[in-house]
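2 protein chains.
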Amino acid sequence: MGRKARVSPDRILAAAEVEFAARGFAGARVDRIARRARVNKAMIYYHFRSKQELYRALLRRMFQTIGDRLREVAASDDSPAAKIDRVVATLAELVGEHAHLPAVMLREIADGGARLDRDTLAALAALPAVVAGIVQQGVTEGAFRPVPPIFAYFAMVAPIIFYRASAPIRAEVTDLHLVDLRLTPEAFVHHMQEAQRRILAGAGPSPSRPTS
Amino acid sequence: MGRKARVSPDRILAAAEVEFAARGFAGARVDRIARRARVNKAMIYYHFRSKQELYRALLRRMFQTIGDRLREVAASDDSPAAKIDRVVATLAELVGEHAHLPAVMLREIADGGARLDRDTLAALAALPAVVAGIVQQGVTEGAFRPVPPIFAYFAMVAPIIFYRASAPIRAEVTDLHLVDLRLTPEAFVHHMQEAQRRILAGAGPSPSRPTS
DNA sequence: GTCTATACTTCGATAGAC
DNA sequence: GTCTATCGAAGTATAGAC
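Okay, structure coming up:
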């Protein structure tokens, strides 16, 4: 019942992701999205009301996807340290699967969230909240030292986004023999996990030291 | 002799920085830049050849400024650990002084460096090179463990840029009582310095341990 | 749900006088 | 160096047939 009705909006969203990621909201062209989605331009305005509404729908879906994956990790019964490792790996996987996600997030932050409605903002705010929960758990169990949630979040997320989104620039810089900026995704994730462990590690080296 | 001749281009660049940071290249309007710079629009095309050339001139100047400040730190005779602290503080200062710098960098990365000419690319590539030099010095002196230069660079720069550029979104999220994402710049810098020290710290806790 | 044709607007860029 | 006036190209959005 009505399964085909979804294929058009979904193809539009997929095409929109590529276009908005590559050019930003202002630079994106509805004609190009239509062509890539192999639908008529009028269909975009039929399914979504405007370019802006299409953009919002895309962002809601993106943040929801990320949040779902992170909440999965947070809900597991792994140790806090293992959860942090998994959060880093999960974020890296997500940006690996959805190659356009980093650019969209970068642009949205640069825009100051000007086009985010309340629901989308809530979905975005849920991301640092998940990380905060894991850190809090680690602190309670004595494995982590306390750090501000938003700091832990940015220390984790920002380098991953930068690393992925900067791939074209790094490749060009390396090709021009300016500096060698190569680093495999696997090595990067490994170093990120080590870094987060070091950032969050409690004062003492012993895994479970009594607090008092 | 001819000092006044510079005031117009400089005012244009200053206005362009605001406009490009807030709206991106595609979203920026030459008319708005002209109005903000209090010059006639035709003057922009007289001093710079096009919107694109104006944008490039702006980026060159930005990366040059950052590079100069970082090279100053690298050239000092501080210890590598102290230099890392100063690099973090310097970057934080820079984005504090030039509030529009983070957004421009975010957008340029998202664009994949599409509008960077070779000179600008070289000025950008010099940034991780400076950090790499400091890390290398620390490794040689036995104070740091070896990490890939581009990793050390992103771990340092990405959170700072994100933190600054996300200020409007964080404020809105906090105001809507979704989550409390407040964190003072001073506290943020302090935590960043601590984090970088932990990431780079050599295996042993002793400051100057003989290598062999 | 789908397509064609087009109205309406905005914007980058320049011509040409001073 | 500076200003006015304007061209021409895109671009969003919709009307209306099927």
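The listed protein sequences correspond, in order, to chains A and B. Here our numbering runs 3 ahead of the position in the first sequence, where the first position is 1. Here our numbering runs 3 ahead of the position in the second sequence, where the first position is 1. We put the CB at the ideal spot given by N, CA and C, even for glycine.
Is the beta carbon of residue j closer than 8 Å to that of residue i?
{"i": "B:R59", "j": "B:D120", "result": "yes"}
{"i": "A:L186", "j": "B:F154", "result": "yes"}
{"i": "A:L16", "j": "A:L62", "result": "no"}
{"i": "A:F51", "j": "A:A126", "result": "no"}
{"i": "A:I87", "j": "B:R201", "result": "no"}
{"i": "A:V138", "j": "A:P152", "result": "yes"}
{"i": "A:V192", "j": "A:V91", "result": "yes"}
{"i": "A:E22", "j": "A:A31", "result": "yes"}
{"i": "B:R72", "j": "B:L104", "result": "no"}
{"i": "B:L124", "j": "A:L179", "result": "yes"}
{"i": "A:A40", "j": "A:R14", "result": "yes"}
{"i": "B:G70", "j": "B:L130", "result": "yes"}
{"i": "B:A146", "j": "B:P83", "result": "yes"}
{"i": "B:A158", "j": "A:A198", "result": "yes"}
{"i": "A:P171", "j": "B:G116", "result": "yes"}
{"i": "A:V150", "j": "B:H194", "result": "yes"}
{"i": "A:V160", "j": "B:A128", "result": "no"}
{"i": "B:A168", "j": "A:I112", "result": "yes"}
{"i": "A:R173", "j": "A:V133", "result": "no"}
{"i": "B:Q55", "j": "B:R118", "result": "yes"}
{"i": "A:R89", "j": "A:D80", "result": "no"}
Residue i by DSSP, collapsed to three states: which one?
{"i": "B:A102", "result": "coil"}
{"i": "A:T60", "result": "Note that residue 60 of chain A corresponds to Ala in the displayed sequence, not to Thr. It is helical."}
{"i": "B:F147", "result": "strand"}
{"i": "B:A117", "result": "coil"}
{"i": "B:A78", "result": "helix"}
{"i": "A:E204", "result": "For clarity, residue 204 of chain A is Ala in the given sequence; the question names Glu instead. Strand."}
{"i": "B:F165", "result": "helix"}
{"i": "B:D34", "result": "helix"}
{"i": "B:R185", "result": "coil"}
{"i": "A:L124", "result": "helix"}
{"i": "B:S11", "result": "helix"}
{"i": "A:F23", "result": "helix"}
{"i": "A:V42", "result": "coil"}
{"i": "B:F51", "result": "coil"}
{"i": "B:V192", "result": "helix"}
Hey, quick one: how far does the alpha helix (DSSP H) through residue i stretch, first residue to last?
{"i": "A:D173", "result": "For clarity, residue 173 of chain A is Arg in the given sequence; the question names Asp instead. Note, A:R173: alpha helix (DSSP H), A170 to D178."}
_Interfacial residues, the stretch 16 to 27 of chain B to chain A, with Cβ spacing under 8 Å_ = A24, A25, R26 and G27
*What residues from the stretch 124 to 158 of chain A come within 7 Å of chain B, judged by C-beta to C-beta, listed N to C?*
L124, A125, A128, P131, A132, V150, P151, I153, F154, F157 and A158
*Residues of the stretch 95 to 111 of chain A with Cβ closer than 9 Å to any Cβ of chain B, in chain order*: P105, A106, V107, M108, L109, R110 and E111
*Listed from N- to C-terminal order along the chain, which residues in the stretch 160 to 172 of chain B have their beta-carbon within a distance smaller than 9 Å of any beta-carbon of chain A?*
V160, A161, P162, I163, I164, F165, Y166, A168, S169, A170, P171 and I172
*asked:* For the stretch 69 to 94 of chain B, list every residue whose C-beta sits within 9 Å of some C-beta in chain A, in sequence order.
replied: none
*Using a Cβ-Cβ cut-off of less than 7 Å, give me the residues of the stretch 195 to 206 of chain A that come near chain B, in sequence order.*
A198, R201 and I202
*Listed in chain order, which residues of the stretch 37 to 70 of chain B have Cβ atoms closer than 9 Å to some Cβ of chain A?*
none
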